[in-house]
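Following the numbering used here, the numbering of the sequence shown begins with 2 at its first residue and continues without gaps.
Ideal placement from N, C-alpha and C gives every residue a C-beta, glycine not left out.
Each remark here refers to the structure printed beneath this line.
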Amino acid sequence: MTQEDFTVKQITTAETYAVRHPVLRAGRPVETCAMPGDDAEDTFHLGLFDAENLIGVVTFMNAAKPQFTGKQYQLRGMAVLEAYQGKGLGNLLVAEGEARLKAQGYDLLWCNARIKALNFYTHKGFKIEGEPFEIEPIGTHYLLYKKL
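Structure follows, in structure tokens:
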């Protein structure tokens, strides 16, 4: 299995739930997968497919943080099914989103990352901004950013 065996395609909000739910909202109602801004006109969702099977998702929203300057987007809802984690496949999703945003003239991508995802993001060039904070009931997060 190599990264060439996988494809990234734009998907709908509803399609993200198949991966968001078991990875990000396990044990909670499926309705908790919905995120404010999911259906905004300038939000886009990407899905990572192994053949026809959706195995990873990520969402990009037009949202700005006041501590950053320039044209910004937020990365949210990044998830890869457990059986596919640790293989670098999430990189395919983030790279595709970054390429689309760069092509549209965006300067910065930011996200709130769980502690367990910190290494994934820092290896992709994201930097930590500020101190850790809690998002209830999910847990401790860090604000991360990357210049595009």
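- When MET62, VAL81, GLY91 are compared, the shortest CA-CA separation from LEU109 is found for MET62.
- Taken in chain order, the unbroken stretches of alpha helix (DSSP H) that lie wholly in the segment 50–126 and span 4 residues or more are 91–104, 119–124.
- The shortest C-alpha to C-alpha distance from LYS125 to any of GLY140, TYR107, GLY98 is the one to GLY98.
- When the five nearest sequence neighbours on each side are left out, the beta carbons in the same chain lying within less than 7 Å of the beta carbon of THR14 are those of ASP39, ASP40, HIS46, in order along the chain.
- In chain order, ALA80 place their CB closer than 6 Å to the CB of LEU25, counting only its own chain and leaving out the 5 sequence neighbours on each side.
- Under the three-state reduction of DSSP, LEU144 is assigned to strand.
- For the options LEU93, ASP43, ALA19, LYS10, the alpha carbon positioned closest to that of ALA35 is the one of ALA19.
- Annotation for GLU130: LEU144, TYR146 place their beta carbon closer than 6 Å to its own, counting only its chain and skipping 5 residues before and after.
- Under DSSP, GLY48 forms a beta bridge with LYS10, VAL58.
- Under DSSP, GLU130 shares a beta bridge with LEU144.
- With contacts defined as CB atoms closer than 8 Å, GLU132 and THR141 fail to qualify as a contacting pair.
- By the CB criterion at 8 Å, GLY57 and LYS10 fall outside the cutoff.
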